[in-house]
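For reference, the structure is listed below as structure tokens.
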Amino acid sequence: MPDLVRREWQRTSSGLYVPKRDDGPGDCSPYEQEDLKYTRRQTLAALVGAVLSLLALIGSGTALVYTAEAWDDQQTLLEQQIALNRVNQERERRVYSSRVALWATIGTDFSSVKPAGVDVHVQNRSPVPLRRVRLLVPLESGRVAEARIADVPPCVVRTMRVASPVGERFADAREQWLGYTPVVLEFEETGRFWRLGDGGLTLTGADVTAYADRLRLAAPAESPVGDCGEGA
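If you count by my numbering, then the sequence shown holds residues 138 to 369, one letter each, in order.
So, in structure tokens, the structure goes:
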């Protein structure tokens, strides 16, 4: 039975433990020297493999970060494009309706043929006519009175005296400096139905509610307006 050789191990500068060389008379046998070389080669190969694996892991992690950032950038760009498309679509829808204006002033004169009320101005600075036009005004009783008016041609402003139904009064104004309740205008242009009032311009459906109370209209007049065309 061969003698067992007791070896001592020493720690290298890289942190690995290798058999300690014996400088005395009992040097390693050739077999032990080959075994020691093989062990060192295995250790070095394992160390190189670990370093390469670490570098590959770092590279894959960096690529993953770049991929996530690119995905976020793409999503942000897509959301911005969708928002821009919505703005463009809304601008296209309002190309004519945005050129319509409505305001009113308190009538200072009245007679038997021109009742007391407010003078309403409907201005159409678009190149298309306004159809199915009507005015809506809330009454003191809580009801709403309406008045249907003729189509408003392009590039004109129409002025008319608007009075409450007989026996009724306009509702108190929410803004006291106006002195009257704001008027609402509903109209259709190129197949779209709009509502213009103190809340701004809104797109509505074709269905309209009919009101029993009728406003009284008098002294309609039209005059041309400049800067007529499509809205921005």
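For each residue, glycine too, the CB sits at the ideal point set by N, CA and C.
Bear in mind the structure is a predicted one, so any value in this text is a computation, not a measurement.
- Taking all protein chains in view, the Cβ of ARG178 is surrounded by fewer than 16 other Cβ atoms within 10 Å, so the residue is classified as exposed.
- The beta carbons of VAL259 and LEU239 sit about 6 Å from each other, so the pair counts as a contact at 8 Å.
- In the DSSP assignment, LEU239 falls within the beta strand (DSSP E) that extends over 237-243.
- Between the beta-carbon of ARG269 and that of GLU325 there is about 4 Å, and that keeps the pair under the 8 Å contact cut.
- Between the C-alpha atoms of ARG306 and ARG298 there is a straight-line separation of about 15 Å.
- Your pair VAL320 and VAL257 checks out as a contact, with CB atoms roughly 6 Å apart and the cut at 8 Å.
- Secondary structure at THR176: helix, using DSSP grouped into helix, strand and coil.
- At a Cβ-Cβ threshold of 8 Å, ALA300 and LEU333 do not count as neighbours.
- When DSSP reads this structure, THR296 sits in a beta bridge with HIS258 and ALA358.
- Residue range 321-326 is occupied by the beta strand (DSSP E) that includes GLU325.
- In the DSSP assignment, ALA284 falls within the unbroken beta strand (DSSP E) covering 281-286.
- Around the beta carbon of ALA310, fewer than 16 other beta carbons lie within 10 angstroms, which makes this residue exposed.
- Annotation for THR346: no beta strand (DSSP E) segment contains it, and DSSP assigns it neither H nor E.
- Within the DSSP secondary-structure output, LEU340 pairs in a beta bridge with TRP331.
- Shortest Cα-Cα distance from VAL362 to any of GLU206, ARG262 and THR199 involves ARG262.
- Exclusion of the five residues before and after VAL250 leaves ALA355 as the residues of its chain whose Cβ lies within less than 7 Å of its Cβ.
- Scanning LEU276, THR213 and ALA287 for the CA closest to the CA of GLY304 turns up LEU276.
- For LEU272, the enclosing beta strand (DSSP E) stretches over residues 268-275.
- With a cutoff of 8 Å on beta-carbon distance, ASP350 and ARG280 are scored as near each other.
- Residue pairing from DSSP leaves PHE247 without any beta-bridge partner.
- When the five nearest sequence neighbours on each side are left out, the beta carbons in the same chain lying within less than 8 Å of the beta carbon of GLY366 are those of ARG236, ARG262, SER263 and PRO264, in order along the chain.
- Among the bridge pairs identified by DSSP, ARG353 is matched with ALA300.
- In the structure shown, VAL289 adopts extended strand secondary structure according to DSSP, grouped into three states.
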